[in-house]
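To keep things clear, I will list the structure first and then write my remarks on it.
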Amino acid sequence: MNMKVSFGGLEMKNPVMTASGTFGNGLEFAPYGDLEKLGGICAKGLSLKPREGNPMPRIAETPCGMLNAIGIQNPGVEYFLTNILPSLKSKDVAVVANLYACDAEEFGELGAILAAEDKIAALEVNVSCPNVKEGGAAFGQDPRQITKVTEAVKKRAGSKPVMVKLSPNVADIVSCARAAVDGGADILSLINTLIGMSVDIRSRRPRIANVVAGLSGPAIKPVALRCVHQVCRAVDVPVVGIGGIASAEDALEFILLGAHAVQVGTANFMRPDFAFSLAGDMEKLLEEIGAKSLEDYRGSLELPL
Amino acid sequence: MIRPASWGPELVWGRPFSICSADGKSLTLFIQKVGRGTSRIAELEKGDSVTVWGPLGNGFAVEPETPTLMLAGGIGIAPFRGYIEQHPTSENLKLFFAHRMPRACYSYDSMTATVRHQSMVEQNPDDLQAIIKEMGVLIEQYKDGLILCCGPTPFMRTARKFALEHGARLQVSLENHMGCGVGACLGCVCKNDKDKYVQVCTNGPVFWADKVEL
Chain S
34 MNMKVSFGGL
44 EMKNPVMTAS
54 GTFGNGLEFA
64 PYGDLEKLGG
74 ICAKGLSLKP
84 REGNPMPRIA
94 ETPCGMLNAI
104 GIQNPGVEYF
114 LTNILPSLKS
124 KDVAVVANLY
134 ACDAEEFGEL
144 GAILAAEDKI
154 AALEVNVSCP
164 NVKEGGAAFG
174 QDPRQITKVT
184 EAVKKRAGSK
194 PVMVKLSPNV
204 ADIVSCARAA
214 VDGGADILSL
224 INTLIGMSVD
234 IRSRRPRIAN
244 VVAGLSGPAI
254 KPVALRCVHQ
264 VCRAVDVPVV
274 GIGGIASAED
284 ALEFILLGAH
294 AVQVGTANFM
304 RPDFAFSLAG
314 DMEKLLEEIG
324 AKSLEDYRGS
334 LELPL
Chain E
862 MIRPASWGPE
872 LVWGRPFSIC
882 SADGKSLTLF
892 IQKVGRGTSR
902 IAELEKGDSV
912 TVWGPLGNGF
922 AVEPETPTLM
932 LAGGIGIAPF
942 RGYIEQHPTS
952 ENLKLFFAHR
962 MPRACYSYDS
972 MTATVRHQSM
982 VEQNPDDLQA
992 IIKEMGVLIE
1002 QYKDGLILCC
1012 GPTPFMRTAR
1022 KFALEHGARL
1032 QVSLENHMGC
1042 GVGACLGCVC
1052 KNDKDKYVQV
1062 CTNGPVFWAD
1072 KVEL
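Quick mapping for you: the protein sequence lines, in order, are chains S and E.
Mind the numbering: the first sequence is residues 34 to 338 in the working numbering, read in order.
Mind the numbering: the second sequence is residues 862 to 1075 in the working numbering, read in order.
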């Protein structure tokens, strides 16, 4: 079965991407599988200048999920271009840069720098990080800001597709999706983490230094499916589904709702080789359930009348 | 990292453990039940499947000619079994072991055939003070040698304090919650001497004590 996908100007050999922040820059996972078996890698969130991120502890395990408040720790875009991207250049895999900035202008500047790189296949605009005080979710919860930031990146992205990653921590994700489309988004990716919290009854302290953090993992899949379902029905822009995918069945649920591709996040921690076999497993499962093709299966959800 | 297949999605992360010893066919781990994950691991039975990835990060320095002191606190004794087994000149090694549970819980006696050794039990505050005092004496004795430490953070902090006082070369093996274990998630970082975050899983877990905050 042909697993190639082409949507919003992004072409990949299969619909499996790794979610930003969960897969480093890909090279960390190279000992556990062939990076070329992935459709795409969304690199760790980048900012113009290096960021140290949040204090420790930054992660906590919860039933069927985890909390994280890393705070976009990254070495800055120049370091990425000089020291990391060259190692990915020879790999036949789409590299998507994930952008984080504090205002629209900075987003545009970062977008321009990354769009100039041949190896970068698309730009993923992070307007939904719950773990940073400035920007982050504040953008993602305000449709006007989403439009403004998307416009700023789109204007300077040249021919590179612009993907906007949406937050589920909003009253109406459809209005956020429409806002991104209004700003020129070529693709929408959803969802980022849900805001959560965990406390230790003995020490009487939060388990995360930042107090609140982003919840991910199998626990959030139903929320992600609901969001993808709502957005796929509301906008014509292709959608990438993210949230709790830990099996081929999970991934096909998102495809069934209309997603063109999926991103695997927390499952990379459950099994470091998971993402590498997912496209093959999806293909087998599609054959098993009698789907004619990935294309044919996509969006074929039958809803009650 | 080890993650039993039986966990399903309920427990997400694998759990990081020091490799106690390895013979090419099998790994031996010492595991203490402290939370949900280790309790579930303790329920595993012969024949159960686990996913294992590693070895991750670095290990303790090996300097065959240098008198080397191993400071083990409780379950922190785990990495020293393999260290002793693989060390080319075990006559240069001394193991100091401070523990709370009975010594038999730790396989201590199986590790001491070829090295000098000393153990102290902590059952009350006086014991703790005696252990701290003894650590100070030992670290001063080994200030021109190599000192390796693995145990609870307060134990390593004490060792670090004495090592800095005496100008001793000390390595500490840090413990932390780990998401991926491969340096990708940045969940297990600690601060180095330049006030920068570094990953415990890949830059460590072993650090020179003067190069890391505890």
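For every residue, glycine included, the Cβ atom is placed at its ideal position computed from N, Cα and C.
Check: residue i C-beta below 7 Å from any heavy atom of the ligand SAH
{"i": "serine 910(E)", "result": "Here there are no bound small molecules, and the ligand SAH is not part of this structure."}
Sequence-distant residues of the same chain with beta carbon closer than 8 Å to residue i, five excluded per side
{"i": "glycine 247(S)", "result": "Leu100, Asn101, Ala102, Cys162, Pro163, Asn164, Asn225, Thr226, Leu227, Ile228 and Gly229"}
{"i": "tyrosine 967(E)", "result": "Phe891, Gly935, Ile936, Ile938, Phe958 and His960"}
{"i": "tyrosine 1058(E)", "result": "Leu1047, Val1050, Cys1051 and Lys1052"}
{"i": "glutamate 184(S)", "result": "Ala137, Gly216 and Gly217"}
{"i": "serine 208(S)", "result": "Pro176"}
{"i": "aspartate 233(S)", "result": "Pro239 and Arg240"}
{"i": "arginine 331(S)", "result": "Ile288, Leu289, Gly291, Ala292 and His293"}
{"i": "alanine 180(S)", "result": "Sequence check: residue 180(S) is threonine here, not alanine. Closer than 8 Å at the Cβ level, and outside the excluded window around threonine 180(S), lie Ala212, Ala213, Asp215 and Gly216."}
{"i": "aspartate 970(E)", "result": "Arg964"}
{"i": "alanine 242(S)", "result": "Asn87, Pro88, Met89, Pro90, Arg91 and Ala102"}
Own chain, CB closer than 7 Å to residue i, minus 5 neighbours either side, in chain order
{"i": "leucine 43(S)", "result": "Ala127, Ala154, Ala155, Pro194 and Ile220"}
{"i": "leucine 311(S)", "result": "Val49, Ala281, Ala284 and Val297"}
Residue of the options minimising C-alpha distance to residue i
{"i": "isoleucine 74(S)", "options": "Ser80(S), Asn301(S) and Leu336(S)", "result": "Asn301(S)"}
{"i": "lysine 955(E)", "options": "Pro963(E), Ala933(E), Trp874(E) and Lys907(E)", "result": "Ala933(E)"}
{"i": "leucine 79(S)", "options": "Gly98(S), Ile117(S), Asp306(S) and Ala93(S)", "result": "Ile117(S)"}
{"i": "leucine 917(E)", "options": "Val1067(E), Leu1075(E), Glu924(E) and Val1073(E)", "result": "Val1067(E)"}
{"i": "alanine 257(S)", "options": "Leu71(S), Ala284(S), Glu139(S) and Ala93(S)", "result": "Ala284(S)"}
{"i": "serine 192(S)", "options": "Ala210(S), Ser200(S), Val203(S) and Leu147(S)", "result": "Leu147(S)"}
{"i": "isoleucine 288(S)", "options": "Lys198(S), Phe113(S) and Gly274(S)", "result": "Gly274(S)"}
{"i": "glutamine 979(E)", "options": "Gly885(E), Ala903(E) and Leu999(E)", "result": "Leu999(E)"}
{"i": "glycine 1006(E)", "options": "Met931(E), Met1017(E) and Ser867(E)", "result": "Met931(E)"}
{"i": "glutamate 85(S)", "options": "Asn919(E), Leu1075(E), Val1073(E) and Asp1056(E)", "result": "Asp1056(E)"}
{"i": "alanine 1029(E)", "options": "Gly875(E), Val1061(E) and Tyr1003(E)", "result": "Tyr1003(E)"}
{"i": "threonine 899(E)", "options": "Met862(E), Asp970(E), Ser882(E) and Pro928(E)", "result": "Met862(E)"}
{"i": "glycine 997(E)", "options": "Met1039(E), Gly943(E), Leu1031(E) and Val976(E)", "result": "Leu1031(E)"}
{"i": "asparagine 1037(E)", "options": "Asp1071(E), Asp1054(E), Arg1021(E) and Leu1075(E)", "result": "Leu1075(E)"}
{"i": "glutamate 111(S)", "options": "Ala52(S), Ala252(S) and Leu81(S)", "result": "Leu81(S)"}
{"i": "leucine 1035(E)", "options": "Gly908(E), Pro1015(E) and Gly943(E)", "result": "Pro1015(E)"}
Residue environment, residue i, which counts as buried when at least 16 other CB atoms sit within 10 Å
{"i": "proline 90(S)", "result": "buried"}
{"i": "proline 337(S)", "result": "exposed"}
{"i": "proline 925(E)", "result": "exposed"}
{"i": "proline 96(S)", "result": "exposed"}
{"i": "lysine 254(S)", "result": "buried"}
{"i": "alanine 974(E)", "result": "exposed"}
{"i": "glycine 896(E)", "result": "exposed"}
{"i": "proline 986(E)", "result": "exposed"}
{"i": "glutamate 335(S)", "result": "exposed"}
{"i": "methionine 315(S)", "result": "buried"}
{"i": "serine 882(E)", "result": "buried"}
{"i": "arginine 266(S)", "result": "exposed"}
{"i": "serine 910(E)", "result": "exposed"}
{"i": "glutamate 983(E)", "result": "buried"}
{"i": "lysine 187(S)", "result": "buried"}
{"i": "isoleucine 322(S)", "result": "exposed"}
{"i": "glutamate 157(S)", "result": "buried"}
{"i": "arginine 235(S)", "result": "exposed"}
{"i": "leucine 1025(E)", "result": "exposed"}
{"i": "lysine 994(E)", "result": "exposed"}
Neighbourhood of residue i by C-beta distance below 6 Å, restricted to the same chain and skipping five residues each side
{"i": "glycine 66(S)", "result": "Asp306 and Phe309"}
{"i": "proline 940(E)", "result": "Ser879 and Cys1011"}
{"i": "phenylalanine 113(S)", "result": "Leu79"}
{"i": "asparagine 919(E)", "result": "Val1067"}
{"i": "valine 873(E)", "result": "none"}
{"i": "aspartate 125(S)", "result": "Glu69"}
Residues bridged to residue i [DSSP beta-bridge criterion]
{"i": "glycine 229(S)", "result": "Ala246(S)"}
{"i": "arginine 84(S)", "result": "Asn107(S)"}
{"i": "isoleucine 993(E)", "result": "The partner list for isoleucine 993(E) (beta bridge, DSSP) is empty, contrary to what the question assumes."}
{"i": "glutamine 1060(E)", "result": "Val1050(E)"}
{"i": "asparagine 101(S)", "result": "Ile92(S) and Gly247(S)"}
{"i": "isoleucine 863(E)", "result": "Arg876(E) and Val913(E)"}
{"i": "asparagine 131(S)", "result": "Glu157(S)"}
{"i": "histidine 978(E)", "result": "Leu956(E)"}
Worksheet item: Can you list, in chain order, the stretches of the alpha helix (DSSP H) that have 4 or more residues and sit fully within the stretch 916-971 of chain E?
Response: With a minimum length of 4 residues, the continuous alpha helix (DSSP H) runs that stay inside the stretch 916-971 of chain E are 939-947.
Discussion item. Taking beta-carbon pairs under 8 Å, can you tell me which members of the stretch 220-233 of chain S lie near chain A?
Written reply: Looking for chain A here will not work: the only protein chains present are S and E.
Practice prompt. Could I get the ranges of all uninterrupted beta strand (DSSP E) runs contained in the stretch 254-279 of chain S, with 3 residues as the minimum, in chain order?
Written response: Note on the stretch 254-279 of chain S: whole beta strand (DSSP E) runs with a minimum of 3 residues are 272-275, in chain order.
Item to complete: Mind listing, in chain order, the continuous alpha helix (DSSP H) runs of no fewer than 4 residues lying wholly within the stretch 994-1034 of chain E?
Response: Scanning the stretch 994-1034 of chain E from its first residue to its last, the whole alpha helix (DSSP H) runs of 4-plus residues come out as 1014-1027.
Fill in: Whole beta strand (DSSP E) elements within the stretch 271-322 of chain S, 3-residue minimum
Those beta strand (DSSP E) runs which fall completely within the stretch 271-322 of chain S and span 3+ residues are 272-275 and 294-297.
Worksheet item: Which ranges does the beta strand (DSSP E) cover as unbroken runs of at least 3 residues, wholly within the stretch 178-242 of chain S, from first to last along the chain?
Response: Within the stretch 178-242 of chain S, the complete beta strand (DSSP E) segments at least 3 residues long are 195-199, 220-223 and 227-230, listed from N- to C-terminus.
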